[in-house]
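Trainee: I'd like to ask you about the structure that follows.
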Amino acid sequence: MVTAKPLLSYPQLRQLIAHFPPVEDPMVAALTTQSGWQLLQENPAPDPSETAAIAKHLRQHYPANLVASLQTQWKLREKAQEKMGSSQARNCLFTRDGLEQATRRIVARQRAKRFAAAGVTSLIDLGCGIGADSLELARICPDFRAVDQSPAAATCAAINLADQPGAQVLCTSAEHLVAQKTLPALFVDPARRAATGRVLSPAAWSPPFGTVLEWGKRAPYLAVKIAPGIDLANLPAGYHAQWVSVAGDLVECALYSPGLAPEGPGRSALIIEGGGVTQFRCASARNPGDSHVQVPQAASLGHYLFDPDPAIIRAGILPDICDRLEAAPVSSAIAYLTGNTLPTGDDAPALHCYQIVENLPLKTKVISSYLRSRQATRLDVLKRGVALDIAAWRKRVMPKKQRDWTPRTVTVALTRVSGAHRCLVLEGAAKPQDDSPALLADCPFRPR
């Protein structure tokens, strides 16, 4: 049974944010007026099929811009269910950017467990955003402060944390708060986006990565959420870096000081899939910044193609997987593996496995002829190490469906095998990928 979050009255809301600067987000500003807050409390998250009719009715009694803000919040709450669960999402206030950058609830819980295991009782979340991590951290820490310099983000966090008795939300800069000589435990999520887009240099994050590490020298515990694609050379010795994936998507990397990392310094991958959580440790990394160990390419293709989880790739754990499975990359600098042994036990979540049924040259006529012989009506494409517009390529190779053909899906991997461009026909449950530079940008073994 889900317990509803107690309703926050408007006077209570105003008391929470009384010392905050004016909110810069028009939607948050509208919904935290008396009429806006009343509307949101009365209509927290209607069924999507009913929102248009409800909004039409409300526009007869309220300003159009207020109803539009309410509709936007409904959409954000619906979208937030995937990250935070339906009961939590319907009770939280979001901004678009805040939801986009919010940590998934299941990931935030794993981080909170580290602080709880360390016995942390006093903690500051610097750069809390809308409070996704704070919601889990506040539950395990009796003295908790969440901080963000954005009035809109801080307002959302204050509302979202209102039922946590030990939590306090401040709208100020992190630098102002950490001026004291000694600090409590810190969780820091530096801003990695600017008006012009993503900020790649850790020195240009806000606060800068180097500054955060200096704060760590005055704090008993430090956790930092960092970009998954960070250059390993930027990672400090003595810390533990963990890359996290959820359902096959790489969602974050976090850096933990020694007191929060019982596994010791180095690197690991945390794979969350279908409710299961599996951690893989990189055997070769004594520090997070140690270089990846390269594995020689396979002498020949095995029976299977293995597509490693992106967290496994980023954490540099491919050599360990290869050792245990007697597998190897299909080609130098390519993160697809091949071998004759399927993973079992704890190794199973690390790889998506396919049986190789054909090894074709990457030539349009050859592949088109093959697909026609298979009477293929759908083509799922995996790609790594090949520069192709998949949508255009699919149109060129797919045969024209005949009336007597039954639906049949063919799965292929376009890649390099021993340096040559090949099309591997696969059997197994594939996860199609969009044609995007991110497919290779997320892979440290990408071709140069």
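In terms of the numbering used here, the sequence shown is residues 267 to 714.
The beta carbon of each residue, even a glycine, is placed where N, CA and C say it ideally should be.
Predicted model, so just to flag it, every value in this text is computed and none were measured.
Please name the residue in Leu-452, Pro-456, Phe-381 whose C-alpha comes closest to that of Ser-416.
Mentor: Comparing Cα positions, the closest option is Pro-456.
Trainee: Gln-446: buried (16+ other C-beta within 10 angstroms of its C-beta) or exposed?
Mentor: Answer is exposed; the Cβ neighbour count stays below 16.
Trainee: Taking a contact to mean a Cβ-Cβ separation below 9 angstroms, would you say Ala-440 touches Val-454 in this structure?
Mentor: In contact: Ala-440 and Val-454 (Cβ atoms closer than 9 angstroms).
Trainee: Please determine, among Ile-492, Ser-467, His-442, the residue with the shortest C-alpha to C-alpha distance to Gln-718.
Mentor: Here the chain comprises residues numbered 267 to 714, so residue 718 is not present and cannot be evaluated.
Trainee: So Arg-377 is in the alpha helix (DSSP H); what residue range does that whole segment cover?
Mentor: It spans 371–383 - the alpha helix (DSSP H) in which Arg-377 sits, taken as one unbroken run.
Trainee: With distances taken between CB atoms, is the gap from Ile-622 to Leu-567 smaller than 9 angstroms?
Mentor: Their beta carbons are under 9 angstroms apart, which means Ile-622 touches Leu-567 by this criterion.
Trainee: Given a threshold of 16 other Cβ atoms within 10 Å of its Cβ, counted over all protein chains shown, does Ser-275 qualify as buried or as exposed?
Mentor: Its Cβ having fewer than 16 others within 10 Å, Ser-275 is exposed.
Trainee: Are there three or more Cβ pairs, one per stretch, closer than 8 angstroms when the segment 465–485 is compared with the segment 398–413?
Mentor: Taking 8 angstroms as the limit for Cβ pairs, the verdict is that the segment 398–413 does not touch the segment 465–485.
Trainee: Tell me whether the beta-carbon of Gln-430 lies closer than 9 angstroms to the beta-carbon of Leu-401.
Mentor: Yes, the pair counts as a contact, with Cβ atoms nearer than the cut-off.
Trainee: So Asn-331 is in the alpha helix (DSSP H); what residue range does that whole segment cover?
Mentor: Unbroken alpha helix (DSSP H) run through Asn-331: 330–350.
Trainee: Compute the Euclidean distance between the alpha carbons of Gln-281 and Thr-298, then round it to the nearest angstrom.
Mentor: C-alpha separation (whole angstroms): 12 angstroms.
Trainee: How far does the alpha helix (DSSP H) with Asn-426 in it extend, from its first residue to its last?
Mentor: Looking at the DSSP string, the run of the alpha helix (DSSP H) that includes Asn-426 is 417–426.
Trainee: Where do the ends of the beta strand (DSSP E) carrying Phe-572 lie?
Mentor: Unbroken beta strand (DSSP E) run through Phe-572: 570–574.
Trainee: Could you tell me the alpha carbon to alpha carbon distance between Leu-449 and Gly-432, rounded to whole angstroms?
Mentor: So the two alpha carbons sit approximately 18 angstroms from each other.
Trainee: Assess, as a yes-or-no matter, whether the segment 327–347 is touched by the segment 498–513 under the definition of 3 or more beta carbon pairs within less than 8 angstroms.
Mentor: No, they do not touch.
Trainee: Kindly identify the DSSP beta-bridge partner or partners of Ala-513.
Mentor: Its beta-bridge partners do not exist; DSSP assigns none.
Trainee: Looking only at C-alpha atoms, which of Pro-486, Thr-677, Ala-549, Tyr-636 sits nearest to Lys-649?
Mentor: Residue Thr-677 is the option with its Cα nearest to Lys-649.
Trainee: Quick check on DSSP: helix, strand or coil for Ile-496?
Mentor: Residue state, collapsed to three classes: coil.
Trainee: Please determine, among Arg-669, Gln-307, Val-647, the residue with the shortest C-alpha to C-alpha distance to Trp-659.
Mentor: Selected option, being the one with the closest Cα: Val-647.
Trainee: Less than 8 angstroms between the CB atoms is what I'm expecting for Val-413 and Leu-392, so what's the real figure, rounded?
Mentor: About 5 angstroms separates the two Cβ atoms, so the contact holds.
Trainee: Buried or exposed: Pro-277, going by 16 or more other Cβ atoms within 10 Å of its Cβ?
Mentor: Burial call: exposed.
Trainee: Buried or exposed: where does His-506 fall if 16 or more other Cβ atoms within 10 Å of its Cβ makes it buried?
Mentor: By the 10 Å Cβ count, His-506 comes out buried.
Trainee: Can you check which of these residues, Ser-511, Ile-656, Leu-521, is closest to Gly-542 by C-alpha distance?
Mentor: Closest by alpha carbon: Ser-511.
Trainee: Just tell me which of Ala-616, Thr-544, Ala-418, Leu-332 has its CA closest to the CA of Arg-590.
Mentor: It is Ala-616.
Trainee: Determine the contact status of Thr-369 and Lys-349, defining contact as a CB-CB distance below 9 angstroms.
Mentor: Cβ atoms of Thr-369 and Lys-349: closer than 9 angstroms.
Trainee: How about Asp-575 and Ala-535: do their beta carbons lie closer than 9 angstroms?
Mentor: Contact flag set, yes.
Trainee: Among Ala-653, Met-664, Pro-665, Glu-316, which one has its Cα closest to the Cα of Ala-686?
Mentor: If we check each option's Cα against that of Ala-686, Ala-653 comes out closest.
Trainee: Mind checking which residues open and close the alpha helix (DSSP H) that includes Ala-451?
Mentor: Not the alpha helix (DSSP H): Ala-451 falls in the beta strand (DSSP E), residues 451–454.
Trainee: Mind checking Gly-364: buried by the 16 CB within 10 Å criterion, or exposed?
Mentor: Under this definition Gly-364 is a buried residue.
Trainee: With DSSP run on the structure shown, which of helix, strand or coil describes Asp-646?
Mentor: Three-state result, Asp-646: strand.
Trainee: Under 7 angstroms Cβ to Cβ from Arg-533, same chain only, skipping five residues before and after it: list those, please.
Mentor: So the qualifying residues of the chain are Ala-507, Cys-548, Ala-551, Pro-554, Ala-581, Gly-582.
Trainee: Just checking my contact of Glu-290 with Ala-418 at CB under 8 angstroms: how many whole Å lie between their CB atoms?
Mentor: 6 angstroms between Cβ atoms; contact.
Trainee: Give the straight-line distance between the Cα atoms of Gln-307 and Gly-351, rounded to the nearest whole angstrom.
Mentor: The straight-line gap from Cα to Cα measures roughly 19 angstroms.
Trainee: Please specify which runs of the beta strand (DSSP E), each continuous and at least 3 residues long, are wholly inside the segment 608–635, giving them in chain order.
Mentor: With a minimum length of 3 residues, the continuous beta strand (DSSP E) runs that stay inside the segment 608–635 are 617–627.
Trainee: Are the beta-carbon atoms of Leu-488 and Cys-422 separated by less than 9 angstroms?
Mentor: No, the Cβ-Cβ distance between Leu-488 and Cys-422 is not below 9 angstroms.
Trainee: Which residue from Thr-681, Arg-674, Pro-673, Ser-639 puts its Cα closest to that of Ile-656?
Mentor: Ranking the options by Cα distance to Ile-656, first place goes to Thr-681.
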